[in-house]
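*Asks:* Sharing a structure, written as structure tokens. Questions coming.
Numbering (our numbering), first residue to last: -9 to 158.
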């Protein structure tokens, strides 16, 4: 039996939306009794996507109200916001803005994004100056959206956060 940790702390305890091999709604139903916040892990590829449609958004909102849940939205991976190629960078910003707009009705506690590099490892790009300049341009565009700046979170996996701290 899993022990519920809901409303047990002076902060909202959360987990990711893919705990069981199922869709967003099934995972949220499964997790709602146990946690305060669910990080909705979203993905979008050419052949597959789990971006919520209007029906799913309505159900997520209904569950948030009935189960005292909040959501954190994890933007899709594969958005090279630091791309040297300007068209690729702009396309990534456009996709990110679309996901922000789509999920805004959920009133997320935060939006998590990755500053992905050209490669994995301690240095995300051979051209760090170009990469950080592209990231700055992308962040400027994202901050121009209707989403308050304090709701954006940056997650790094491979490299020290200090490399992007001046941008954040």
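Cβ coordinates follow ideal geometry from the N, Cα and C atoms, glycine included.
Predicted, not measured: the structure shown is a model, and the values here were computed from it.
(1) Considering residue 120, what are the terminal residues of the alpha helix (DSSP H) in which it resides?
(2) Would you mind working out which of 76, 35, 51 sits nearest residue 65, comparing C-alpha positions?
(3) Per DSSP, what kind of secondary structure is residue 46 in: helix, strand or coil?
(4) Count the other CB atoms within 10 Å of the CB of residue 4; is the residue buried (16 or more) or exposed (fewer)?
(5) Whose C-beta lies closer than 8 Å to the C-beta of residue 51 among residues of the same chain, with five residues either side of it excluded?
(6) Would residue 77 count as contacting chain B if we go by Cβ distances under 8 Å?
(7) Give the straight-line distance between the Cα atoms of residue 1 and residue 60, rounded to the nearest whole angstrom.
*Replies:* A quick look at the data gives this:
(1) 118 to 133
(2) 35
(3) helix
(4) buried
(5) 95, 96
(6) Absence of chain B from the displayed structure is noted, only one protein chain being present.
(7) 12 Å
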